[in-house]
Amino acid sequence: MAGSGTAHLRPDRERALVVDDLVVEFPVARGTVHAVSGLSLDLLPGETLGILGESGCGKSSAGRAVMQLPPPTSGSVRLGEVELTGLPARRMREARSRMQLVLQDPVSALNPRRRVKDLVVEGLEIWGWGARDRDHFVDELLSSVGLDPATVRDKRPHELSGGQCQRVCIARSLALDPDVLICDEPVSSLDVSVQAQILNLLEKARERLRLSMVFIAHDVAVVKNISDRVLVMYLGKTCEVLPSASLEDALHPYTRLLLASVPEAAAPDGEGAEPARAVELPSPLDPPSGCRFRTRCPLATDRCAGEEPELREVRPGQFVACHHVEA
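This is the structure in structure tokens:
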């Protein structure tokens, strides 16, 4: 069951990023796509928040809307003390330099005509950064992401592997010394062995620079390993928010189904989540009333169709949007 609410926000703490009641809708020929419906989250300095959900749940749309690419339909995005929604273009560019985006397909994210040494300082060039000490700075950036500057400096993206291209993308993001890094499925297109290397690189960068990260993925194990907290999304709504260390003790029926889809996460005695109902997946063009997960939920009742569940704290630090989960 999926709902909304802000009970999980931490207003008494210093926060690097606060998103409040974010709505993202896209007009299409057949109506309106309700990609994100009332998402709220916050991020502390040096913290990683994982956003977990199946493809099409709205997690990537949420990440881009936080970056104002494009701006959300409604809602508030605050980076530190700066409200991003409604900022003039010039001030938006300045604020956006403090928040960088790492995309899923690193090869497509890089200009194929430019060399690595030019790609990693693109952001700095936009802000009029001079050529002084450029080569030394480029070499430091490349070394910090595990690349040999002498080997890759003069190469173009097509001459690199997917993992090397993603390292270049991360170096380019770190060049502007951001406060927040939004990683949108950054390892899903890479081999498993390379995935571990990139995750380790991101973790080291977070510790070294005290970065705050939003890590978007559909892989339960990846999200659990890199995140401090996890926010589970379904069809544009938040289902559950909990510490990553407690993920295996999740209570929401949808989160339990995600865990059950991972063989090593299944209960050893064969017990686990009840299977989802075999129905056609609902469309974001016409999401179900009440709880959006109700059409697939094994616990759904009439109440779920008529009343949207609110996020509420059921355990310390664990928030669930479900009528049938007891505190």
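For the sequence shown, the UniProt record's numbering gives the first residue as 1, with consecutive numbering after it. C-beta: ideal position from N, C-alpha, C; glycine also.
Under the DSSP definition of a beta bridge, Lys237 partners with Tyr234. In the three-state reduction of the DSSP assignment, Ala35 falls in the strand class, which pools E and B. Cβ-Cβ separation between Val120 and Val138: approximately 6 Å, consistent with a contact (criterion under 8 Å).
Counting of Cβ neighbours within 10 angstroms places Ser143 among the exposed residues, the total staying below 16.
Beta-bridge partners assigned by DSSP to Thr73: none are found. Minimum Cα-Cα distance from Ser108 among the listed residues Cys165, Cys304, Met99 and Val66 corresponds to Cys165.
With a minimum length of 3 residues, the unbroken runs of beta strand (DSSP E) contained wholly in the stretch 37-103 fall at 48-52, 74-79 and 99-102. When C-alpha distances from Arg292 are compared across Leu251, Tyr234 and Val187, the shortest belongs to Tyr234. Going by DSSP, Glu122 is part of no beta strand (DSSP E) but of the alpha helix (DSSP H) stretching over Glu122 to Ile126. In the structure shown, Cys183 adopts extended strand secondary structure according to DSSP, grouped into three states. Annotation for His323: Met1, Cys291, Thr301, Arg303, Cys304, Glu307 and Pro309 place their beta carbon closer than 8 Å to its own, counting only its chain and skipping 5 residues before and after. Taking Arg13 as the centre and dropping the five residues before and after it, the same chain places the C-beta of Leu44 closer than 7 Å to its C-beta, in chain order. Each residue's CA atom was taken as its position, placing Gly75 and Lys237 some 14 Å apart.
In the three-state reduction of the DSSP assignment, Ser289 falls in the coil class, being assigned neither a helical nor a strand state. Under the three-state reduction of DSSP output, Arg134 falls in the helix class. Taking the Cβ atoms as the reference, Ala205 lies roughly 6 Å from Leu174, within the contact range of under 8 Å. Contact between Arg91 and Leu285 fails: their C-beta atoms lie close to 35 Å from each other, not under 8 Å.
The distance from the Cβ of Ser246 to that of Leu49 is about 14 Å, inconsistent with a contact at the 8 Å cut-off.
Ile216 is classed as buried because its beta carbon has at least 16 other beta carbons within 10 Å across all chains shown.
Your pair Gly63 and Ile198 does not check out as a contact, with CB atoms roughly 17 Å apart and the cut at 8 Å. Residue state for Ser212 is assigned as strand, using DSSP reduced to three classes.
In the three-state reduction of the DSSP assignment, Val18 falls in the strand class, which pools E and B. The Cβ atoms of Leu52 and Val220 lie closer than 8 Å to each other. Pairing Val232 with Tyr254 gives a Cβ-Cβ distance under 8 Å. DSSP places Arg229 in the strand class (E or B) of the three-state scheme.
Ala175 has no beta-bridge partner at all, per DSSP.
If you draw a straight line from the Cα of Met99 to the Cα of Gly46, it is about 13 Å long.
Val320: member of the beta strand (DSSP E) spanning Gln318 to Val320, first to last residue. If you draw a 10 Å sphere on the C-beta of Asp184, you find 16 or more other C-beta atoms in it, and that means buried.
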